[in-house]
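Asks: For reference, each letter of the sequence shown is one residue, going 13 to 542 in my numbering.
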Amino acid sequence: MKRAALLLAVILVVASCATTSQPQGQSLVNRAVQAAGGADALARVKTLSVQGTVRQWEPEQSMDAGGEMRFACASTFTMVTDVASGATRVDWVRNFQYPAPRTFTFSEIVTPDAGYVAGIDSNGRTKQSLESNPPAHSMSAPRLAASQRELRRGSTLLLLDMQKNPDRVSPAADVTVGGTTYPAVNYRAGDQTFTVMFDRGAGLPVRVRTLDYDNIWGDVTYDVALADWQTKDGLTMAMSRTYELNGRPVMEIKTTDVKVNAPVAAEQLTIPPAFKTAAAKPATGAVPYQWVIRRQFIGTYLDSDAISYDPKASPGLRLVELAPGVQHVVGGSHNSLIVEMRDYLVVFDAPVGDATAKWILDAARAKYPSKPVKYLVLTHHHMDHAGGLRAFAAQGATIVTGKGTAAHFRRVLAAPFTRNPDLPSRDLKSTQIIEVGERQVFSDGTRDVGAYVIDNPHATGLIIGYVSDAKIAYATDIWSPGAAPLPDKLTPPLAALVAGVKKAGIAPAKFAGGHGSVGDYAPLAALEGK
Ligand SMILES: [Zn+2]
13 MKRAALLLAV ILVVASCATT SQPQGQSLVN RAVQAAGGAD ALARVKTLSV QGTVRQWEPE
73 QSMDAGGEMR FACASTFTMV TDVASGATRV DWVRNFQYPA PRTFTFSEIV TPDAGYVAGI
133 DSNGRTKQSL ESNPPAHSMS APRLAASQRE LRRGSTLLLL DMQKNPDRVS PAADVTVGGT
193 TYPAVNYRAG DQTFTVMFDR GAGLPVRVRT LDYDNIWGDV TYDVALADWQ TKDGLTMAMS
253 RTYELNGRPV MEIKTTDVKV NAPVAAEQLT IPPAFKTAAA KPATGAVPYQ WVIRRQFIGT
313 YLDSDAISYD PKASPGLRLV ELAPGVQHVV GGSHNSLIVE MRDYLVVFDA PVGDATAKWI
373 LDAARAKYPS KPVKYLVLTH HHMDHAGGLR AFAAQGATIV TGKGTAAHFR RVLAAPFTRN
433 PDLPSRDLKS TQIIEVGERQ VFSDGTRDVG AYVIDNPHAT GLIIGYVSDA KIAYATDIWS
493 PGAAPLPDKL TPPLAALVAG VKKAGIAPAK FAGGHGSVGD YAPLAALEGK
């Protein structure tokens, strides 16, 4: 009898351990569902119509390296979701402030297996967008994957999905953010894992985190912080969502209106067959989420399956010889320049990321087999022209940067990058960095290659390059030769370039661009005083 009682006690203890510890994660989810109005309230949502405003900033397009973020865009949106089909439409009015003020009005439709954009949403348009009348295109695989991930992260119904799929919920270690420690669970959705943190008091979710890779800062956290919970039209939801990259707010979404179960016409959520048939499926694996998401913040995202070029418009990156031993890397959204010296190479710019950098390094090795890249000159610190620096540093290149930027790049090169899809993790802290005060000339006795820092409105410490024997200069972002006709008068960036050439005392015949192609310098210089 005593034995039986003891056995029963043991069984009870084991059972209670099982009920409290094993579904620990699920109990946080259940509590959050309850706090958000209960499963029934969430499950009655068949369609959801939301209006709101968005403000976005881009930290890696700042004026100063590591300095204040550039304000990128203010938008209004209307979003409708049909829960059963998993389709969402967002109608946007986006007022971009950077790189130049402009307004894009367009619509996105995101379904489980395809994505579509009606209208112009970017300066970097694909062949399909350019050839469609009215402008429209199907989303690339990376954009579809990123759109799906971010819609899921921000969804009010994420909690219900988590409750319905307990097999995809697992306990996570507590997470401390801003001095507060939150209990958390991991939630697997597709090949992505969200870490969902909960408020100890109210039980509501406070943050949804992914562990991302950023081409400048390496391993980063990307969070949405949920706040201002209100019950609208019977649904309890966070009216304020702030997205943080490594703790820095880069996007604020404010919900201004909510309608539950308002009728949604089917055609609103239907991708036209011409665009659906050939549309990409969502990408899996190493999607460069931060690139895809944040290039859209500034309205310059090239919506193509290849990250740096449109495979339908370009056969890919290629070298164009501008003069003996001077190769312009073109064919993509961003260019660079390879200059051959007697024993080594100098490369200007490491655009996009390490995959592009590896293409440049491979092409340089094939062309000049015995000459390593000794210097990588970064014209400026922006993510789209510097994001491939690690691949160069990993091969032993010295990084050459403009005045006031070396400390920034030292921090960048010290950041861990275990999630870099293109380059194995390694210690790059000892990478040599040369900070150019005003000018630096690399010489091998026959060829001089100069790096000149110029005053300009685009980025502090911006460098232009010059190969004196070939009379070829190189500039990024302040002039994109060949991308557009010259204006009638000098714009501030072009005036800065003309003044910079004078101050440097160089005499270029041509400029090669970090964007665009090659242009004669004389017609630009002739605009001075007009
Ligand atoms: Zn730039």
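Quick reminder that beta carbons are idealized off the backbone N, C-alpha and C, glycines included.
Look up Asn-107 in the DSSP assignment and say whether it is helix, strand or coil.
Replies: Against the sequence shown, residue 107 aligns to sequence position 95. Looking at Asn-107 - three-state DSSP - the assignment turns out to be strand.
Asks: Buried or exposed: where does Thr-458 fall if 16 or more other Cβ atoms within 10 Å of its Cβ makes it buried?
Replies: Stepping through the sequence shown from its first residue, residue 458 is reached at position 446. Of the other Cβ atoms in all chains shown, fewer than 16 fall within 10 Å of the Cβ of Thr-458; this residue is therefore exposed.
Asks: Which residues neighbour ligand 1 when neighbourhood means a C-beta less than 7 angstroms away from any of its non-hydrogen atoms? List them by chain order.
Replies: Gln-73, His-392, His-394, Asp-396, His-397, His-470, Ala-471, Thr-488, Asp-489
Asks: So the candidates are Gly-98, Tyr-128, Thr-254; which of them puts its Cα closest to the Cα of Trp-69?
Replies: Along the sequence shown, read from residue 1 onward, the residue named residue 69 stands at position 57. Per the Cα distances, Thr-254.
Asks: Counting C-beta neighbours from all protein chains within 10 Å, is the total for Asn-227 16 or more, i.e. buried, or is it exposed?
Replies: The sequence position of residue 227 within the sequence shown is 215, counting from 1. The residue in question, Asn-227, is buried, as its Cβ has 16 or more Cβ neighbours within 10 Å.
Asks: Go to Arg-307, then tell me how far its beta strand (DSSP E) extends in each direction, as first and last residue.
Replies: As a first step, residue 307 is located in the sequence shown; it is residue number 295 there, counting from the start. From DSSP, Arg-307 is part of no beta strand (DSSP E) but of the alpha helix (DSSP H) over 301-309.
Asks: Whole angstroms is fine: what's the gap from Asp-1's alpha carbon to Gln-242's?
Replies: Within the shown structure, residues of the chain are numbered from 13 to 542, placing residue 1 beyond reach of any answer.
Asks: What would DSSP say about Arg-200, mapped onto helix, strand or coil?
Replies: Against the sequence shown, residue 200 aligns to sequence position 188. The answer is strand: DSSP assigns Arg-200 an E or B state.
Asks: Any heavy atom of ligand 2 inside 7 angstroms of the beta-carbon of Pro-469?
Replies: Only ligand 1 can be found as ligands here, which leaves ligand 2 out of the picture.
Asks: Any idea which residues DSSP pairs Trp-241 with across the strands?
Replies: Start at 1 with the first residue of the sequence shown, and residue 241 comes out as number 229. Bridge partners of Trp-241: Ala-250.
Asks: Considering only the alpha carbon of each residue, which of Ala-51, Val-358, Thr-267 lies closest to Phe-1?
Replies: Not covered by the structure: residue 1. The range shown for the chain is 13 to 542.
Asks: Looking at C-alpha atoms only, which residue of Met-249, Thr-417, Gly-528, Ser-74 is the closest neighbour of Tyr-321?
Replies: For this step, residue 321 is matched to residue 309 along the sequence shown. Among Met-249, Thr-417, Gly-528, Ser-74, the Cα nearest to that of Tyr-321 is on Gly-528.
Asks: Over the uninterrupted beta strand (DSSP E) stretch that includes Thr-168, give me the two end residues.
Replies: Taking the first residue of the sequence shown as 1, we reach residue 168 at position 156. First-last for Thr-168: undefined, no H or E at that position.
Asks: Which value, in whole angstroms, describes the spacing of the CA atoms of Ala-485 and Lys-370?
Replies: By 1-based counting over the sequence shown, the position of residue 485 is 473. By 1-based counting over the sequence shown, the position of residue 370 is 358. Distance between the alpha carbons of Ala-485 and Lys-370 is about 24 angstroms.
Asks: Which two residues bound the contiguous beta strand (DSSP E) that contains Trp-69?
Replies: Sequence index remark: in the sequence shown, residue 69 carries index 57 (1-based). Trp-69 -> beta strand (DSSP E) spans 59-70.
Asks: According to DSSP, simplified to helix, strand and coil, what is Met-174?
Replies: By one-based count along the sequence shown, residue 174 stands at place 162. Looking at Met-174 - three-state DSSP - the assignment turns out to be helix.
Asks: Leu-498 to Leu-536, Cα distance in whole Å?
Replies: Within the sequence shown, the letter at position 486 stands for residue 498. Within the sequence shown, the letter at position 524 stands for residue 536. Between Leu-498 and Leu-536, the C-alpha separation is close to 7 angstroms.
Asks: Can you tell which of Gly-98, Gly-526, Thr-88 has its C-alpha closest to the C-alpha of Val-342?
Replies: For this step, residue 342 is matched to residue 330 along the sequence shown. Here the closest residue by C-alpha is Gly-526.
Asks: So, with DSSP's three-state summary, where would you put Lys-542?
Replies: Counted from its first residue, the sequence shown places residue 542 at position 530. Reduced to three states, the DSSP call for Lys-542 is coil.
Asks: Return yes when the Cβ of Ile-265 is within less than 8 angstroms of the Cβ of Val-105, no when it is not.
Replies: Reading the sequence shown from its first residue, position 93 is the one you call residue 105. Reading the sequence shown from its first residue, position 253 is the one you call residue 265. Their beta carbons are not under 8 angstroms apart, which means Val-105 does not touch Ile-265 by this criterion.
Asks: What is the rounded straight-line gap between the Cα of Ala-406 and the Cα of Ala-126?
Replies: If you number the sequence shown from 1, residue 406 lands on position 394. If you number the sequence shown from 1, residue 126 lands on position 114. In a straight line, the C-alpha of Ala-406 is about 38 angstroms away from that of Ala-126.
Asks: According to the neighbour-count rule (16 or more other Cβ atoms, all chains shown, within 10 Å of its Cβ), is Leu-24 buried or exposed?
Replies: Reading the sequence shown from its first residue, position 12 is the one you call residue 24. Any reading at Leu-24 must be qualified, since the residue scores a pLDDT of 44, below 50, and its modelled position is unreliable; the value itself is stated next. Leu-24 is exposed by the Cβ-count criterion.
Asks: Would a C-beta distance cut-off of 8 angstroms place Leu-54 and Leu-169 closer than the cut-off?
Replies: Locating residue 54 in the sequence shown gives position 42, where the first residue counts as 1. Locating residue 169 in the sequence shown gives position 157, where the first residue counts as 1. Result yes, Cβ atoms of Leu-54 and Leu-169 sit closer than 8 angstroms.
Asks: Put His-527 into one of helix, strand or coil per three-state DSSP.
Replies: Here residue 527 refers to the residue found at position 515 of the sequence shown. If DSSP states are grouped into helix, strand and coil, His-527 belongs with coil.
Asks: Considering only C-alpha positions, which residue in the set Asn-107, Val-45, Ser-97 is nearest to Lys-58?
Replies: On the sequence shown, position 46 is the one that residue 58 refers to. Ranked by Cα distance from Lys-58, the first of Asn-107, Val-45, Ser-97 is Ser-97.
Asks: By how many angstroms is the C-alpha of Tyr-128 removed from the C-alpha of Ala-292?
Replies: Within the sequence shown, the letter at position 280 stands for residue 292. Within the sequence shown, the letter at position 116 stands for residue 128. When rounded, the distance between both Cα atoms is 10 angstroms.
Asks: Who does Met-263 pair with in a DSSP beta bridge?
Replies: By one-based count along the sequence shown, residue 263 stands at place 251. Met-263 pairs with Gln-68, Tyr-255.
Asks: Do the segment 146-159 and the segment 296-316 meet, that is, are 3 or more Cβ pairs less than 8 angstroms apart?
Replies: yes
Asks: Of the residues Ala-418, Gln-140, Ala-148, which one's Cα is nearest the Cα of Thr-117?
Replies: Start at 1 with the first residue of the sequence shown, and residue 117 comes out as number 105. Considering only alpha carbons, the answer is Ala-148.
Asks: Tell me which same chain residues have a C-beta within less than 8 angstroms of the C-beta of Pro-146, skipping the five on either side of it?
Replies: What you label residue 146 is simply residue 134 of the sequence shown in a count that begins at 1. Taken in chain order, the residues that qualify are Ala-130, Gly-131.
Asks: Roughly how many angstroms separate the alpha carbons of Arg-43 and Arg-212, rounded to a whole number?
Replies: The sequence position of residue 43 within the sequence shown is 31, counting from 1. The sequence position of residue 212 within the sequence shown is 200, counting from 1. Going by the C-alpha atoms only, they are around 10 angstroms apart.
Asks: How many Å lie between Gly-64 and Arg-164 at the Cα?
Replies: The count along the sequence shown starts at 1 and reaches residue 64 at position 52. The count along the sequence shown starts at 1 and reaches residue 164 at position 152. Cα to Cα, the separation comes out at about 17 angstroms.
Asks: Quick one: does Val-41 have its CB under 8 angstroms from some CB of chain C?
Replies: Protein chains in the displayed structure number just one, and chain C is not present.
Asks: If you drop the 5 nearest sequence neighbours on each side, which residues of the same chain put their C-beta closer than 6 angstroms to that of Met-174?
Replies: By 1-based counting over the sequence shown, the position of residue 174 is 162. Contacts found: Val-41, Val-181, Tyr-199.
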